[in-house]
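One line per chain: the protein sequences are D and R, in this order. For the first sequence, the positions run 46 to 438 when my numbering is used. For the second sequence, the positions run 912 to 1248 when my numbering is used. A virtual CB, placed ideally from N, CA and C, is assigned to each residue, including glycine. Computed from a prediction, not measured in an experiment: that's the story for all the values here. Working notes, beginning with the structure itself.
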Amino acid sequence: MRKLLLASTAIAFGAGAAMADDIRFGVLLGFTGPIESVTPHMADSAEMAWQEINEAGGILGGQMIGSVRADSTCLDASAAQAAAERLISSDGVVGIMGADCSGVTMAVLQNVAMSAGVPMISPSATSPAFTTTDSGGMFFRTAPSDARQGAVLAEIITERGISNVAVTYTNNDYGAGFANAFVENFEAAGGSVTTSIPHEDARGDYSAEVGTLASAGGDALVILGYTDGGGAMLRTAWELGAFDAFFIGDGMYGDELVESVGEALEGTVGTLPGAEGEMADAFAALGEANNVLTASSFTGESYDAAALLALAAQAAGEATPEGIAANILNVANAPGEEILPGELGRAIEILANGGEVNYIGATDVELIGPGEAAGTYREYVVEDGQFVTVRFR
Amino acid sequence: MDPVSALVTLTNFVLIPGFAYGSQLALGALGITLIYSILRFSHFAHGDVMAFGTMVVIFTTWGFQAIGITGGGVIPTALLAIPVGIAVMIVYLLVADRLVYRFFRQVKAKPLTFVMASLGVMFVTNGLTRLFIGTSERRFEDGERFIFSVRDFREWTGLAEGLALRSSQAITIVTALLVMAALFWFLTRTKSGKSMRAYSDNEDLALLSGINPERVVTMTWMIVAGLVVIAGTLYGLDKGFRPINYFQLLLPMFAAAIVGGLGSPIGAIVGGFVVAFSEMGITYAWRRFFTHLMPEDMAPDSMLQLLPVDYKFAVTFAILVIVLIFRPTGIFRGKSI
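Encoded structure:
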């Protein structure tokens, strides 16, 4: 009997040692699909935060954090839900960094995360719909809502003296929410929108969509989509001579766009969530040291989302989904010691000693309302195939 | 009133894209109709075979570019790669025929069995294409992109409306016409073509007059290989290569073949243009056209669009249903299905 006990204890310890990580978080991003070019950098940024904590001694008295990646596809809700279910039931994650695109994020939240009681922090789901959805305290995001981005983009266009635009958006929660917010703000500022039509991604030919927009007319075309369909719309509209000036949303940002659209992109103006100043510099330095491409989109938001999950677990004193969900707002907002990128070890120490932190992170995190970022935006213009920052708003 | 601007708008947004798209559909539908009349089944793998052939052309194009063979900056390199694509596809289709279809031919299986077998070939081809080249979009067009661009046109004419003609569109239309002419010449003027037509009209009589059925089948697959590679490459040059789009072409291509009359080559061509222009015409917003055409005070307020662009496929379905109800043999009296 004693031998059996000893043996089983040994096996239990052995199993514990074999599992290198004690606490697991999921990284649910679209590693395939329309934003596959940006998600690897987002995942690297998130894992950089956990690695930083592990190197500083882990959380909750030396427990190591492990990361499990899963593919949200960005488009396919059922594939994303299956991936999230796998993360929760078979990999045993206690929190999810993700998902990315608003449509699949909403599906995962309502059909998987809420019923399983596992909190999600999305770095890039920007649909205004999340503001009004009751998630039972399970949903947070470090990217600001598109309601805000719609207002910023409307402001940028109005300031450039353009008062008459056509709008096209990618046909999902992200595109529709963004377009609504933009049209509302643009019309409130005295502009007029000639038409607002959706487009699908992954089509071969967009000349019919562009024909409709051209018939409606306008001084500029506002494209609120992804590099894939949105980029093709932009190229087609330029080639058919339907529009000469373009304004684009955050989903379109990426080097892939320059590659696929080429000279048609010259002079295009767009918005991208992002901060400047001390925290952005600290994050950029951190990325350089760890060989992570932080200049890509949503990397800071991903780092912050990952850091918040770990800090919330430490603040709760236990790595359980309920504990993490209940403590995210506490660690994200004042009062407390301000935490910049690269200071996660210090934050864990403060929390372990019973102190409080106010996580600033890479994107000046301030969670408002039901747990979403207040948000600053970068206004950029494309010059000679480069995204040049105009100013921050 | 400005009829010239109206015409320019219509040409730019409907006529040129419609002609290019119609030519691509017509070439695809010709292949479907040939297989239907000679092998007597609906070839569901057509779209994916097109994708596979185009993939071979893309790989060859990259290879040519790597060793410095190009179209000289004038014509796309892919056109030079087409013969390689056709050769590979002839082998591919003949192997598929030996492995799959020949057995069913020998046991004289029902047409539906053939259709299901071609569905299987479709899935395999579909998977192979994705395995080799992936699912994402590939653009392999090089050379001069425009014959004339909107900016050129405005400069020449001083009109406010623009008109563009892309090289790929012009190449598509010209190539399609040449291929169609060659096919008709082959079918009506050569001995092999005549034996194919005889076999299609009456299998037993053809056998009695000494036509070798296996030879006819082999020739059919060879011609189909040529048609799919050319159609697929032209579509890819014009609109970018993405396997899923080729699969989705299956519906409009079948619609074109059926509308024209299955088994009738002329019907396939006419059907291709009917489907293309219906899709474009019904989903196009005609406001700009009529604004130019009508006196200023009568300019329309609404978009004059019968259906939103998303309903393109619904248009194809509707044409198909209408034809099947009222004229099941198609415009040119092909075979009823």
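| said: When you compare the CB of M1214 of chain R with every CB in chain D, is at least one pair closer than 8 Å? | reply: yes
| said: Taking the alpha-carbon of L1138 of chain R as reference, which of R:K1019, R:R1065, R:L1089 and R:A1225 has the nearest alpha-carbon? | reply: R:L1089
| said: Mapping the DSSP letters down to three states, classify M109 of chain D as helix, strand or coil. | reply: coil
| task | Compute the distance between the beta-carbons of L285 of chain D and S252 of chain D, then report whether it is under 8 Å. | result | yes
| task | Please report the residue range of the alpha helix (DSSP H) in which I369 of chain D lies. | result | P366 to A377
| field | For A265 of chain D, three-class secondary structure by DSSP | value | strand
| message | Give the list of continuous beta strand (DSSP E) stretches no shorter than 3 residues that lie fully inside the stretch 149 to 233 of chain D. | response | 165 to 167, 184 to 189 and 209 to 215
| query | The alpha helix (DSSP H) with E1048 of chain R in it runs from where to where? | reply | No alpha helix (DSSP H) holds E1048 of chain R; DSSP gives it neither H nor E.
| task | Report yes or no: do three or more beta-carbon pairs, one from the stretch 379 to 389 of chain D and one from the stretch 327 to 347 of chain D, lie closer than 8 Å? | result | yes
| message | Please identify the residue among D:V314, D:S82 and D:M93 whose C-alpha is closest to the C-alpha of G345 of chain D. | response | D:M93
| field | Cut-off 6 Å between Cβ atoms - residues of its own chain near L1004 of chain R, not counting five sequence neighbours on either side | value | W1132 and A1136
| What does a CB cutoff of less than 7 Å around E232 of chain D pick up in its chain, not counting 5 residues either side in sequence? | V238
| task | Could you name the residues of the same chain whose beta carbon sits closer than 7 Å to that of K959 of chain R, not counting the 5 residues immediately before and after it, in chain order? | result | The displayed chain sequence assigns Asp, not Lys, to residue 959 of chain R. Hits under 7 Å: M1033, T1036, N1037, T1040, Y1157 and F1158.
| task | Determine the direct distance from the alpha carbon of M165 of chain D to that of L154 of chain D, and round the result to whole angstroms. | result | 8 Å
| request: Report buried or exposed for A340 of chain D, applying the criterion of at least 16 other Cβ atoms within 10 angstroms of its Cβ. | output: exposed
| Straight-line Cα distance separating G299 of chain D from I293 of chain D | 11 Å
| said: Given this structure, state the Cα-to-Cα distance separating E301 of chain D from M1209 of chain R, to the nearest angstrom. | reply: 45 Å
| query | Out of D:P415, D:V402, D:G420 and D:G414, which has the shortest C-alpha to C-alpha gap to T408 of chain D? | reply | D:G420
| message | Measuring only the C-alpha atoms, how far is V1232 of chain R from A1117 of chain R? | response | 34 Å
| request: Look at Q108 of chain D and I68 of chain D and say whether their C-beta atoms are less than 8 Å apart. | output: yes
| query | To the nearest angstrom, how far is it from the Cα of A25 of chain D to the Cα of T1194 of chain R? | reply | Missing from the structure shown is residue 25 of chain D; chain D here goes from 46 to 438 and no further.
| said: If we require 4 or more residues per run, which alpha helix (DSSP H) segments fall completely within the stretch 294 to 362 of chain D? | reply: 300 to 306, 323 to 335 and 344 to 361
| query | Can you find a CB in chain D that lies within less than 8 Å of the CB of K1150 of chain R? | reply | yes
| Counting along the chain, where does the alpha helix (DSSP H) carrying Q1017 of chain R start and finish? | R1013 to Q1017
| task | Starting from the N-terminal side, write out each stretch of the alpha helix (DSSP H) that is 4 residues or longer and does not extend beyond the stretch 921 to 993 of chain R. | result | 927 to 949 and 957 to 977
| task | Compare the C-beta of I1083 of chain R with all C-beta atoms of chain D and state if any pair is closer than 8 Å. | result | Residue identity differs from the one stated: residue 1083 of chain R is Thr in this sequence, not Ile. No, T1083 of chain R lies away from the interface with chain D (no Cβ there is under 8 Å from its Cβ).
| Given that a residue counts as buried once 16 or more other Cβ atoms are within 10 Å of its Cβ, and exposed if not, what is I978 of chain R? | exposed
| request: Please work out which residues of its chain come closer than 6 Å, Cβ to Cβ, to A158 of chain D, disregarding the five sequence neighbours upstream and downstream, and give them in chain order. | output: M165 and M183
| query | Which whole-angstrom value is the C-beta distance of A152 of chain D and Q126 of chain D, which I expect to be below 8 Å? | reply | 6 Å
| message | By the three-class DSSP mapping on this structure, what secondary structure does Q431 of chain D have? | response | strand
| field | Within 9 Å of chain R by C-beta, residues of the stretch 144 to 171 of chain D in sequence order | value | none
| Going by Cα to Cα distance, which pick from D:A199, D:D89, D:G307 and D:E394 is closest to E424 of chain D? | D:A199
| Short check: CB of T972 of chain R to CB of F1051 of chain R, under 8 Å? | yes
| Does the stretch 246 to 264 of chain D come close enough to the stretch 169 to 178 of chain D to have 3 or more Cβ pairs within less than 8 Å? | no
| Going by other Cβ atoms of all chains shown within 10 Å of its Cβ, with 16 needed for buried, is A1071 of chain R buried or exposed? | exposed
| To which residues of the same chain is G1192 of chain R closer than 7 Å at the C-beta, ignoring the five residues directly before and after it? | V925
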